[in-house]
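Asker: Quick one: the structure is below, questions incoming.
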Amino acid sequence: MVLREPGAGRLLQAVYPLPDANQPDVPALDVMDYILTEGRNSRLYQALVESGLASEVTASVTSLRESGWYEVLVTAGSKQDLKKIDSMLSSAIANVAEKGVTSEEVERAKTQLTADVILSNRDITSQAMRLGTDETTVGDYRYTDRYLAAVRLVKPTDVVAVINKYLTKEARTVGFFEPTQKRIAEVADKPDSAQTTENFSPGAPVLFSEVMKYLPPVDLATDAIPQVLPQEFKLTNGLRILLLPDRSTPTVTLSGYIQAGTEFDPENKAGLAAFVADNLLNGTKSKDVLTIAKVLGERGASLDFQTYREGVHIEGDSLSDDLPILLEMLADVVKNSSFPSKELELHRQQTLTDLQQELDEPSEVARRVFVQSIYPKKHPLHTFPTEESLQQIQRRDVIDFKTKHYRPDTTVLALVGDFDLDKVRSLIKNKFGDWEVSGKAPTLKYPPVAMPEKIVSVNPVLPDKAQAVTYMGYTGINRYDPRFHAALVLNQILGGDTLSSRLGAEVRDRQGLSYGIYSSFQAGKNVGTFLIEMQTSPEDSSKAIASTRQMLQQIHQEGVTALEVETAKRTLISNYNVSLANPEELTDRILMNEVYGLDKVELHSFTDKIQKVTLAQVNQAARELLHPDRIVVVTAGPSVLAEKSIR
Numbered sequence: 005m006v007l008r009e010p011g012a013g014r015l016l017q018a019v020y021p022l023p024d025a026n027q028p029d030v031p032a033l034d035v036m037d038y039i040l041t042e043g044r045n046s047r048l049y050q051a052l053v054e055s056g057l058a059s060e061v062t063a064s065v066t067s068l069r070e071s072g073w074y075e076v077l078v079t080a081g082s083k084q085d086l087k088k089i090d091s092m093l094s095s096a097i098a099n100v101a102e103k104g105v106t107s108e109e110v111e112r113a114k115t116q117l118t119a120d121v122i123l124s125n126r127d128i129t130s131q132a133m134r135l136g137t138d139e140t141t142v143g144d145y146r147y148t149d150r151y152l153a154a155v156r157l158v159k160p161t162d163v164v165a166v167i168n169k170y171l172t173k174e175a176r177t178v179g180f181f182e183p184t185q186k187r188i189a190e191v192a193d194k195p196d197s198a199q200t201t202e203n204f205s206p207g208a209p210v211l212f213s214e215v216m217k218y219l220p221p222v223d224l225a226t227d228a229i230p231q232v233l234p235q236e237f238k239l240t241n242g243l244r245i246l247l248l249p250d251r252s253t254p255t256v257t258l259s260g261y262i263q264a265g266t267e268f269d270p271e272n273k274a275g276l277a278a279f280v281a282d283n284l285l286n287g288t289k290s291k292d293v294l295t296i297a298k299v300l301g302e303r304g305a306s307l308d309f310q311t312y313r314e315g316v317h318i319e320g321d322s323l324s325d326d327l328p329i330l331l332e333m334l335a336d337v338v339k340n341s342s343f344p345s346k347e348l349e350l351h352r353q354q355t356l357t358d359l360q361q362e363l364d365e366p367s368e369v370a371r372r373v374f375v376q377s378i379y380p381k382k383h384p385l386h387t388f389p390t391e392e393s394l395q396q397i398q399r400r401d402v403i404d405f406k407t408k409h410y411r412p413d414t415t416v417l418a419l420v421g422d423f424d425l426d427k428v429r430s431l432i433k434n435k436f437g438d439w440e441v442s443g444k445a446p447t448l449k450y451p452p453v454a455m456p457e458k459i460v461s462v463n464p465v466l467p468d469k470a471q472a473v474t475y476m477g478y479t480g481i482n483r484y485d486p487r488f489h490a491a492l493v494l495n496q497i498l499g500g501d502t503l504s505s506r507l508g509a510e511v512r513d514r515q516g517l518s519y520g521i522y523s524s525f526q527a528g529k530n531v532g533t534f535l536i537e538m539q540t541s542p543e544d545s546s547k548a549i550a551s552t553r554q555m556l557q558q559i560h561q562e563g564v565t566a567l568e569v570e571t572a573k574r575t576l577i578s579n580y581n582v583s584l585a586n587p588e589e590l591t592d593r594i595l596m597n598e599v600y601g602l603d604k605v606e607l608h609s610f611t612d613k614i615q616k617v618t619l620a621q622v623n624q625a626a627r628e629l630l631h632p633d634r635i636v637v638v639t640a641g642p643s644v645l646a647e648k649s650i651r
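Under my numbering, the first residue of the sequence shown is numbered 5, with each subsequent residue one higher.
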């Protein structure tokens, strides 16, 4: 089947029926999926992405009580034909069925699968969901233990058998998405009256305070909880490391930060910072991209780099026995990355395809226009990648940026998990001690940005979209603002939760104008943005914006209640304490407290600071931080004139 409508990227989706979760073929099917699509060495990645036919290929096995399915989703590369991709997909699967898989591939897939299950079930929420899913799906909360035992028994012949049994061309259903090209239009004079929308029939909203009457009491005191703090040490080259042993699971979580974010992007080469981070794992002086992928994959370890405005975040985890390999690989790529030309060009094409799709998504377009409407040209936050800027980036630019901005004295690492402190200190000194750079670290000062003098409305039009996305806001506060904790409480009341907040109860539940509405104060080292995000049907956008502004005005003038403040504080404290049971969140909080220059005790004193916030402080923050008449409003989607109803 072929779907043709306005859009950006060409997509192929193939679905194969599978048996229910209790069938003995399920472990072999999951191993098969890892061999086909997990990592750079996987069969379909090599056949489709490395060849340039596709920019991305993903797949998943879904096993339910009654039946299941295997879904393969391929995003076509630039100017690539979907029929050709489909032919290559079928050929690649047939080739695996005919020639088989190696014992090495099977063992690597089993290791990856087992490690993923262990690493994804380390916090209490994930464990509860796993137990509930197992009981609901197969009627046995102990199913995962039996499943992992069965995975260990999978052989190459089992993988070939399930491919021949289930991945046949006759059994599958294939769909193509062929986008029709339409340019982003100017603001229209009236909404598109032919737009299909969803009708809301909201019930009466229920106050969260009413719900609390039926919940058991929760003791938020943390006095009895052991408040262990991370240990810190610093290498002579300036690299800072924080270590927190945790023997609860045989795993290690790594978080890192390098001051090399998109704020340093040249205006004519926007996207350069992400280009560097995304290509670090594509080769070093001693290892090519496939070797790096193989070394990590064989251990079920993961290592990734994510680029944000103020820095590059390092994310990694592994089983505890494999921590030396994880650290050795991290040290190699940050010190010795080689940026092969072939991999850079392949990444450029993938990034261009991703950009094309982003510019067809109302949420991405609204976010981009919103930020650029608040921060003027020449401001570090104004710059976003374009097709032209991505085409301008050369290998020399990548090497120079990496040399200039990837430095030990602007890098912080945090590790939480099952390790010996002395051994890890020695290991880090050995692997990172010779990381040397010259000169001083680059610095950047954000210029002050004035609040808008009035309501500024912008409406980028994406034709034929079923949903409109609106961003509202202006410059906010930084992490060091004395109003920070009061602002968090205020935000929780205003729009921190789409179900229990003022905006959620009014705009979503009572009026039925929004699918979801949230607010946040994005506070970093520099002044960030206060924003409200909502998704609406196109016809309801103007009403939703007007209602949101009315709510901002009401809280600005009248403040909030003592009960709301106490409820918000309970929620924030409870959520924070639960989050610390998640190794990724715990490690990230340790890391960012260090990046922001906060005392290490902030890890545990944060809840005390929230608890001490008063009603007067929250209402003062509302008067000082909520400005409904000096706000940027961006609505992306079909033709809607938000400006008419909010003047």
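Ideal Cβ placement from N, Cα and C applies to all residues, glycine included.
1. Do the CB positions of Tyr478 and Ile318 come within less than 8 Å of each other?
2. Restricting to Cα atoms, I'd like to know which of Asp144, Leu417, Thr41, Leu52 is closest to Ser259.
3. From what residue to what residue does the alpha helix (DSSP H) around Ile128 run?
4. What first and last residue would you give for the beta strand (DSSP E) that runs through Val473?
5. Could you tell me the alpha carbon to alpha carbon distance between Gln199 and Gln231, rounded to whole angstroms?
6. According to DSSP, simplified to helix, strand and coil, what is Ser551?
7. Since Tyr20 is in the beta strand (DSSP E), which residue starts that stretch and which ends it?
8. Helix, strand or coil: how does DSSP classify Gln235 here?
9. Pull up the CB-CB distance for Leu2 and Arg313, whole angstroms please, since I reckon it's below 8 Å.
10. Are the beta-carbon atoms of Val65 and Asp37 separated by less than 8 Å?
11. Confirm, please, whether the CB-CB distance from Val166 to Thr118 is below 8 Å.
12. Anyone know if the C-beta pair for Leu33 and Leu22 falls short of 8 Å?
13. Three or more C-beta pairs closer than 8 Å, one from the segment 602 to 616 and one from the segment 430 to 443: is that the case here?
14. So what's Ala640 in DSSP terms, helix, strand or just coil?
15. Within the segment 286 to 329, note down every full beta strand (DSSP E) run reaching 3 residues or more, in order along the chain.
16. Tell me whether Asp336 is buried or exposed, calling it buried when 16 or more other Cβ atoms sit within 10 Å of its Cβ.
17. Could you please give me the residues that DSSP links to Phe534 through a beta bridge?
18. Would you say the segment 484 to 500 touches the segment 631 to 642, given that touching needs at least three Cβ pairs under 8 Å?
19. Where does Ile245 sit, in a helix, a strand or coil, going by DSSP?
20. Can you look up Leu425 in the DSSP assignment and give me helix, strand or coil?
21. Which residues share a DSSP beta bridge with Ser67?
22. Near Val158, which residues of its chain fall below 6 Å by C-beta distance, leaving aside the five closest residues on each side in sequence?
23. Where Ser583 and Arg483 are concerned, what is the direct C-alpha to C-alpha distance, given to the nearest angstrom?
24. Mind the definition here: the segment 439 to 447 touches the segment 401 to 414 only if three or more C-beta pairs lie below 8 Å; say whether that holds.
25. To the nearest angstrom, how far is it from the Cα of Lys427 to the Cα of Leu285?
26. Looking at Ala585 and Ile128, is the spacing between their C-beta atoms short of 8 Å?
27. When you compare only the Cα positions, how much space is there between Ile559 and Asp592?
28. Drop a sphere of 10 angstroms on the beta-carbon of Pro234, count the other beta-carbons inside from all chains shown, and report buried for 16 or more, exposed for fewer.
29. Tell me which residues share the same chain as Asp24 and place their Cβ nearer than 8 Å to its Cβ, disregarding the 5 neighbours each side in the sequence.
30. Of the choices Ser124, Ala274, Ser322, whose alpha-carbon is the least far from that of Asp401?
31. Let me confirm a value: Gly287 is counted as buried when at least 16 other C-beta atoms fall within 10 Å, else exposed. Which label applies?
32. Pick from Val280, Asp468, Ala470, Asn495: whose alpha carbon is nearest that of Glu568?
33. Can you give me the start and stop residues for the alpha helix (DSSP H) that Phe343 sits inside?
34. Taking its Cβ as the centre, do 16 or more other Cβ atoms sit within 10 Å of Arg150, making it buried, or is it exposed?
35. Using 8 Å as the limit for Cβ to Cβ distance, is Asp269 near chain B?
36. For the alpha helix (DSSP H) that contains Arg8, what are its first and last residues?
Answerer: So, from the listed chains and residues:
1. Result no, Cβ atoms of Tyr478 and Ile318 do not sit closer than 8 Å.
2. Ser259 has its Cα closest to that of Leu417, out of Asp144, Leu417, Thr41, Leu52.
3. Taken as a continuous stretch (DSSP letters only), the alpha helix (DSSP H) holding Ile128 covers 128 to 142.
4. Per DSSP, Val473 belongs to the beta strand (DSSP E) from 472 to 479.
5. Confidence at Gln199 is low in this model, with a pLDDT of 31, below 50, so its placement is unreliable and no value can be given for it.
6. Reduced to three states, the DSSP call for Ser551 is helix.
7. In the DSSP assignment, Tyr20 falls within the beta strand (DSSP E) that extends over 15 to 22.
8. Reduced to three states, the DSSP call for Gln235 is strand.
9. Residue 2 lies beyond the range of the chain shown here (5 to 651); nothing can be said about it.
10. In this structure, Asp37 lies closer than 8 Å to Val65 by Cβ.
11. Contact flag unset, no.
12. Yes, the Cβ-Cβ distance between Leu33 and Leu22 is below 8 Å.
13. Because the criterion of three Cβ pairs below 8 Å is not met, the segment 602 to 616 and the segment 430 to 443 do not touch.
14. In the three-state reduction of the DSSP assignment, Ala640 falls in the strand class, which pools E and B.
15. Fully contained in the segment 286 to 329 are the following beta strand (DSSP E) runs of length 3 or more, in chain order: 306 to 311, 316 to 323.
16. Buried, because 16 or more other Cβ atoms sit within 10 Å of the Cβ of Asp336.
17. As DSSP reads the structure, Phe534 sits in a beta bridge with Tyr478, Phe525.
18. The answer is no - the segment 631 to 642 does not touch the segment 484 to 500, with fewer than three Cβ pairs under 8 Å.
19. In this structure, Ile245 counts as strand in the three-state DSSP scheme.
20. Three-state result, Leu425: helix.
21. DSSP output for Ser67 lists Gly72 as bridge partner(s).
22. Apart from sequence neighbours up to five positions away, the residues of its chain that approach Val158 with a beta-carbon distance below 6 Å are Pro31, Ala32, Val35, ordered along the chain.
23. Answer to the nearest angstrom: the Cα atoms are 19 Å apart.
24. As far as the Cβ criterion goes, the segment 439 to 447 touches the segment 401 to 414, which means the pair count is three or higher.
25. Between the alpha carbons of Lys427 and Leu285 lies a distance of about 26 Å.
26. Cβ atoms of Ile128 and Ala585: closer than 8 Å.
27. Computed Cα separation, rounded: 33 Å.
28. Its Cβ being crowded by 16 or more others within 10 Å, Pro234 is buried.
29. Correct list, in chain order: Ser67, Leu68, Arg69, Glu70, Ser71, Gly72.
30. The shortest C-alpha separation from Asp401 is found at Ala274.
31. It counts as buried.
32. The option with the nearest alpha carbon to Glu568 is Asn495.
33. That residue, Phe343, is in no alpha helix (DSSP H); it is neither H nor E in DSSP.
34. So Arg150 ends up on the exposed side.
35. Any reference to chain B falls outside this structure, which holds one protein chain only.
36. Counted as a single uninterrupted DSSP element, the stretch harbouring Arg8 is not any alpha helix (DSSP H) but the beta strand (DSSP E) occupying residues 6 to 10.
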